[in-house]
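Going down the list, the sequences are from chains A and B. Residue 1 is where the first sequence starts when you use the working numbering, and the numbers rise one by one after that. Residue 1 is where the second sequence starts when you use the working numbering, and the numbers rise one by one after that. Every residue gets a Cβ at the ideal spot worked out from N, C-alpha and C, and that includes glycine. What follows is a short report on a single structure.
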Amino acid sequence: MALQTVSTRPSITDERARLTEAEFSALLDAAVDGIVIMDADGQIEGFNASAERLFGFSPEEVMGRSVNLLMSDPGPSEDEGSLVSYLRTRQPDLVGNSRELVARRRDGTTFPVELAVGEVRAQVPRFVGIIRDISERKAIERRLTQREEELRLTIENAPIPIATVGLDGVVLSANPSFCKMLGYAQREIGRMSFRDFTYPDDLPLTVTLMEEALRGEGDTYSYQKRYVHKDGRVVHVVLHNGVVRDEQGRPVMIVVQVEDLTERMQAEEEAREHRERLAHVDRLNVMGEMAASIAHEINQPLSAIANYTNAAFRRVSAGRLDGEKLSASLTKIDEQAQRAGEVVRRLRNLVKKRESQRELLDVNDLVRESLRLAEVDARIHDVVVEVSLTESPSCVLADPVQIEQVILNLLRNAIDAMGMVPKEESRLMVRTDASENFVEVSVCDRGTGITKLDEQHLFEPFFTTKVAGMGMGLSISHSIISAHGGRFWFTRNPERGVTFRFSLPKATESLV
Amino acid sequence: MSDASAPTIFVVDDDDAVRDSLRDLIDSVGLDVATYPSAHAFLDVYDNAQRGCLVLDIRMPGMSGLELQERLNERGSSLPIVFITGHGDVPMAVEAMKRGAVDFIQKPFRDQELLDRINLAIEQNRRRREAEETKQDIAERVSSLTRREREVMDMVIQGKANKVIAIDLGLSQRTVEVHRSHVMDKMRARTLAELVRMNTTLEG
Ligand SMILES: Nc1ncnc2c1ncn2[C@@H]1O[C@H](COP(=O)(O)OP(=O)(O)OP(=O)(O)O)[C@@H](O)[C@H]1O
Ligand SMILES: [Mg+2]
């Protein structure tokens, strides 16, 4: 469609272009963009074919009317963005530059446009508006931002820690899960490098793998490593890293997804501890079973020694022992003494097998744990257990399993000692007390007590008055407590039974 | 079958030192001693005729003390056994006693305790052998009786008077008296009481 001009006004072709009206018209109509010619007040003077198509108006309908007709909700004419204000202010920087506006079609629907305005400097100035429909571009843009937002939200809300790291190792972004995992605020972590929170021992591996990945073709790599939490705790993780590359294949950054192993490791640790504890209880039981075979092994050389010795005695008293025979006997006796020593050494190793591990522990916790282990025993034997734990600090540096073993043996001995005591009197008292330098544990029973005679052998290995006893309990306990720098003893109760006690040095502040 | 030779103490123990020291100890009091490292080694050489006693460790690899006891019982051996038991073996020892072991002694033991038990066992073995020999003797004498004499003896032991026996057997009283005197001679019994005792021995 030809460009319609108002003939009462001088034609724009008159002065400079010198194009014929027909040529000009054809030129305008050939333009892909909509072209609107306006006077300084925004009155439409020309409207090309593309504009017709864009707006759905025919030239006749718009000629002489305000260009606002083509704008969506132009508002007061001073409004920024309004074409009329644009024309009025004639800001030079606006003219010649394009800007985005919302246009309106004949049917009232709106669409985004990019508008460029050119000024025709003549006696009567005119403006040429070149309008391009940018709905499609806008739609793509919108979709992109939307997708970006979705992605952002996904990452933000992901339960999996995710971060991006620059090639220099600096954290570019980190989601809340990532921050939470390491205990840093998002703001703090943004200034850090992965070197700052990688466990020092794992740094070389981290760097090597990263360099390899950046150099190589592989874009993803996974490995297990340790981070250090802000509070110093070690965090075990598996990383799944992806190298992000630009179009030329140059690495830009690394996306890090983290599998936090802490919980799993904790569960495993707990399971392991549980197993160890069971094994420990088992071991205490097995010790009882082993009693017979160990005692047998020790008894063998001892009986041999006794036999050789007694044989020699009898020969001497019968006047039938010559020097040769005597020295043969003594040699054999010595051999057997060595053999017995060897058995004892092996036994000691067996007991020592588990290396002593000192930890800072609350004695009350150890007592509670041992009580838990002895609970069944107590119940079976109808023994009432009273517990009174000190409220003063009662921390010691000790091997928990060993100390529990000591307490457990005391509890079992006390329960055993009350085997013949009437039910209503079967009562044992477990106490902890803290003095200035020591924490004391005592187990008080109302059992049979200990005779003066037995007292002399109480702490000797294999001394037992029980059918199924091994007689190792007190002997081992004594050496455990001594090794911990503590004391182990017993006292007779005024009324009945005995109280076994041991003390352990309190852990001082400097140790803590 | 009587064996005049001195009794032997058979020691079966898998522990070289214990075995050797037991031999030394038993030898020191002048008893004959023979040692074996395993139940099999002992069974291979032992025959029921040998007198003495067996000193046996209840815990042994291979054939255990209890199994050895069973084998001996199967063979009809009367060899008394002194079991040496360790700590915690009391239930086993009780079982052994039920099966006829003489005694058991728990390690560690005083030498005198063991020697006492050995002596007791030998003594028991001697008495039992004597009893067996007596029994065999009596059995031999019984077998020398005629059928009629045997009948008369049985009735005499039951306390029947000659008159009653005569009627029961359809014999004259005089004939019964002759049989009866033969019985006393052949059985080498001087009194009726002695004859009765011999018969109880046989039945026991
Ligand atoms: N509370 C107690 N009351 C009376 N006697 C006790 C008490 N505690 C220990 N004894 C005596 O001391 C002996 C040795 O105790 P110890 O704990 O060393 O060995 P055990 O209990 O016999 O066997 P195990 O090696 O299984 O512990 C016991 O057999 C018992 O005679
Ligand atoms: Mg005990």
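Extent of the continuous alpha helix (DSSP H) run through residue i
i         : result
A/Asn-241 : Looking at the DSSP string, A/Asn-241 is not in any alpha helix (DSSP H); the run it does join, the beta strand (DSSP E), is 234–245.
B/Gln-124 : 111–143
A/Pro-59  : 59–62
B/Asp-154 : 147–157
A/Lys-452 : 452–455
A/Thr-208 : 203–215
A/Arg-368 : 363–380
B/Met-198 : 192–203
A/Val-401 : 400–417
Cβ neighbours of residue i in the same chain (closer than 6 Å, five flanking residues each side left out)
i         : result
A/His-240 : Ser-222, Gln-257
B/Ala-121 : Cys-53, Pro-80, Val-82, Val-102
B/Met-153 : Val-183
Any C-beta of chain B under 7 Å from that of residue i
i         : result
A/Asn-364 : no
A/Ala-304 : yes
A/Tyr-227 : no
A/Phe-500 : no
A/Ala-311 : yes
A/Asn-307 : yes
A/His-457 : no
A/Ala-296 : Per the sequence shown, the amino acid found at residue 296 of chain A is His instead of Ala. With 7 Å as the cut-off, A/His-296 counts as an interface residue toward chain B.
A/Val-286 : In this prediction, A/Val-286 scores a pLDDT of 49, lower than 50, which makes its location untrustworthy; the coordinate-derived value is nonetheless stated afterwards. It does not; no Cβ of chain B falls within 7 Å.
Neighbourhood of residue i by C-beta distance below 8 Å, restricted to the same chain and skipping five residues each side
i         : result
A/Thr-8   : The pLDDT assigned to A/Thr-8 is 44, lower than 50, so where the model puts this residue is not dependable; a value taken from the coordinates is nonetheless given after this. Nothing listed; no residue qualifies.
A/Glu-80  : Interpretation of A/Glu-80 is limited by its pLDDT of 48, a score under 50 that renders its predicted location unreliable; the figure taken from the coordinates is listed afterwards. For A/Glu-80, where only same-chain residues beyond five positions count, there are no Cβ hits under 8 Å.
B/Glu-113 : Ile-105
B/Leu-66  : Ile-58, Met-92, Glu-95, Ala-96, Arg-99
A/Ala-158 : Asn-175, Ser-177
B/Arg-23  : Val-11, Val-33, Thr-35
B/Asn-162 : Gln-173, Val-176, Glu-177, Arg-180
Selection from the options that minimises the alpha carbon distance to residue i
i         : options                                    : result
A/Asn-437 : A/Thr-390, A/Pro-505, A/Arg-431            : A/Pro-505
A/Gln-336 : B/Ile-26, B/Val-152, B/Ala-17, B/Thr-8     : B/Ala-17
B/Leu-145 : B/Leu-25, B/Leu-72, B/Arg-75, B/Asp-185    : B/Asp-185
A/Gly-166 : A/Gly-242, A/Asp-260, A/Ile-403            : A/Gly-242
B/Val-33  : B/Ile-165, B/Phe-109, B/Thr-8              : B/Thr-8
A/Ile-481 : A/Glu-263, A/Glu-424, A/Ile-407, A/Glu-391 : A/Ile-407
A/Glu-297 : B/Leu-43, B/Met-60, B/Gly-170              : B/Met-60
B/Leu-43  : B/Glu-74, B/Ser-28, B/Gly-30, B/Asp-27     : B/Glu-74
A/Ser-193 : A/Arg-233, A/Leu-371, A/Ile-254            : A/Ile-254
B/Glu-149 : B/Asp-137, B/Leu-171, B/Lys-135            : B/Leu-171
A/Arg-226 : A/Gly-249, A/Met-38, A/Leu-205, A/Val-385  : A/Leu-205
Classification of residue i by the beta-carbon crowding that lies within 10 angstroms, buried from 16 upward
i         : result
A/Ile-130 : buried
A/Gly-486 : buried
A/Asp-416 : buried
A/Met-418 : buried
B/Arg-51  : buried
A/Val-286 : For A/Val-286, the pLDDT reaches just 49, beneath the cut-off of 50, and the residue's location in the model is therefore unreliable, leaving the point undetermined.
A/Ile-380 : exposed
A/Val-124 : exposed
B/Ala-193 : exposed
A/Gly-42  : buried
A/Glu-270 : exposed
A/Lys-332 : buried
A/Asp-168 : exposed
A/Gly-473 : buried
B/Thr-200 : exposed
A/Asp-322 : exposed
A/Glu-78  : Low local confidence applies: a pLDDT of 45 at A/Glu-78 is under 50, so the model's placement there is unreliable, with the coordinate-based value given in what follows. Exposed.
A/Pro-76  : With a pLDDT of 48 at A/Pro-76, under the threshold of 50, the modelled position of this residue cannot be trusted, and the question is left open.
Limits of the beta strand (DSSP E) - the one that residue i falls within
i         : result
A/Lys-466 : It is not in any beta strand (DSSP E) - A/Lys-466 carries neither H nor E in the DSSP assignment.
A/Phe-490 : 487–492
A/Met-470 : Where A/Met-470 is concerned, there is no enclosing beta strand (DSSP E), given that its DSSP letter is neither H nor E.
A/Met-38  : 34–39
B/Ala-34  : 32–36
Chain-order list of residues whose beta-carbon lies under 7 Å from that of residue i (same chain, five-residue window excluded)
i         : result
A/Pro-112 : Glu-100, Val-102, Ile-134, Ser-135, Lys-138
A/Asp-362 : Ser-394, Cys-395
B/Pro-37  : Asp-14, Arg-19
A/Ala-295 : Phe-462
A/Ser-58  : Glu-52
7 Å Cβ cutoff, residue i in contact with chain A
i        : result
B/Gly-86 : yes
B/Leu-43 : no
B/Leu-25 : yes
Ligand 4 heavy atom lying under 6 Å from the CB of residue i
i         : result
A/Met-418 : Because ligand 4 does not appear in the structure shown, any question about it cannot be addressed here, the ligands present being ligand 1 and ligand 2.
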